[in-house]
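A.B. asks: My numbering puts the first residue of the sequence shown at 106, with every later residue one more than the last.
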Amino acid sequence: MLYLALALLIFALFFFRKSSTQRKEAGLPGGRIIYTDTHGWGKVEKPLYYSALELTGKPDYLVQKNGTIIPVEVKSGRAPEAPYDSHIYQLASYCLLVEKTYGTRPPYGIIHYENRDFAIDYTHELETALIDLLVEMKRDEHKKDVPRSHEQAARCARCGYKNVCDQRLA
Ligand code: SF4
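1) Give the range of the beta strand (DSSP E) segment to which residue 219 is assigned.
2) Between the beta-carbon of residue 87 and the beta-carbon of residue 136, is there less than 7 Å?
3) Taking C-alpha atoms, which residue in 164, 238 and 274 lies nearest to residue 190?
4) At the level of alpha carbons, what is the spacing between residue 269 and residue 185?
5) Between residue 179 and residue 250, what straight-line distance do the alpha-carbon atoms span, to the nearest angstrom?
6) Do the region 242 to 262 and the region 169 to 178 make contact, defined as three or more Cβ pairs closer than 8 Å?
7) Just mark residue 275 as buried or exposed, buried being the case when its beta carbon has 16 or more other beta carbons within 10 Å.
8) Could you tell me how far apart the beta carbons of residue 152 and residue 161 are, in whole angstroms, since I believe they sit closer than 8 Å?
9) By the 10 Å Cβ neighbour count, where 16 or more other Cβ atoms means buried, how is residue 197 classified, buried or exposed?
10) Look up residue 186 in the DSSP assignment and say whether it is helix, strand or coil.
11) Compare the C-alpha of residue 156 against each of 233, 206, 214 and 230 and name the closest.
12) Quick check on this structure: which residue in 169, 262, 260 and 272 has the alpha carbon closest to the alpha carbon of residue 203?
13) Helix, strand or coil for residue 226, going by three-state DSSP, please let me know.
14) Return the chain-ordered ranges of every alpha helix (DSSP H) run that is complete within the region 147 to 216 and spans a minimum of 4 residues.
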């Protein structure tokens, strides 16, 4: 459990540290607003695991649709204009885990906010960006000091880790 929590923390820190330029170059999809019916959503009991990348995670729900399995991540609070990159990467990791676990590739995943749902296409570009990020995380995992990669005080002000981060700008 500690391992999982630690992995998620590191994961989140890396998501926030990627510069917007890097993210744009990675070609992350922006997300499509969709209307969903939550009746068919099934709770996920156990985390999914993919050993080749040492990746583990538990989507909030899985939806079976036309022979595919769509992961759903639920976020508290109202939706931003467009999903945060951290949320997109998290959902992409669930898409990857679903594909490796069930042998069927989700065409997209869903981020569910209080007032709006976004579909995020699980493109090959997004998959490649995710794998690059995971490899980078693995490489930096044991480094004592990994420098912040942005100069945006506003981002630090919104960051959930600002109280424990010694590199915060605000
Ligand atoms: S407080 Fe700022 S530097 Fe620290 S993790 Fe958050 S966004 Fe990055």
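Even glycine gets a Cβ: it sits at the ideal position worked out from N, Cα and C.
C.D. replies: Walking through what the data contain:
1) By one-based count along the sequence shown, residue 219 stands at place 114. That residue, residue 219, is in no beta strand (DSSP E); it is neither H nor E in DSSP.
2) The structure shown has nothing for residue 87, since the chain only spans 106 to 275.
3) In the sequence shown, the residue the question calls residue 190 occupies position 85. Closest by C-alpha distance to residue 190, out of 164, 238 and 274, is 238.
4) Locating residue 269 in the sequence shown gives position 164, where the first residue counts as 1. Locating residue 185 in the sequence shown gives position 80, where the first residue counts as 1. About 25 Å.
5) By one-based count along the sequence shown, residue 179 stands at place 74. By one-based count along the sequence shown, residue 250 stands at place 145. Cα to Cα, residue 179 sits roughly 32 Å from residue 250.
6) Below 8 Å, too few C-beta pairs join the region 242 to 262 and the region 169 to 178 to call them touching: fewer than three.
7) Counting from one through the sequence shown, the residue named residue 275 turns up at place 170. It is exposed - the Cβ of residue 275 has fewer than 16 other Cβ atoms within 10 Å.
8) Translated into positions along the sequence shown, residue 152 becomes position 47. Translated into positions along the sequence shown, residue 161 becomes position 56. With 8 Å as the limit, residue 152 and residue 161 qualify as a contact, their Cβ atoms being about 5 Å apart.
9) Within the sequence shown, residue 197 is the residue found at index 92, counting from 1. Answer is buried; the Cβ neighbour count reaches 16.
10) Mapped onto the sequence shown, residue 186 falls at position 81. In this structure, residue 186 counts as coil in the three-state DSSP scheme.
11) Residue numbering aside, residue 156 sits at position 51 when the sequence shown is read from its first letter. Checked all of 233, 206, 214 and 230; the closest Cα to residue 156 is 206.
12) Here residue 203 is taken as the residue at index 98 of the sequence shown, counted from 1. Measuring from the Cα of residue 203, the nearest candidate turns out to be 169.
13) The sequence position of residue 226 within the sequence shown is 121, counting from 1. Of the three classes helix, strand and coil, the one that applies to residue 226 here is strand, per DSSP.
14) Scanning the region 147 to 216 for uninterrupted alpha helix (DSSP H) segments of 4 residues or longer gives 190 to 207, listed from N- to C-terminal end.
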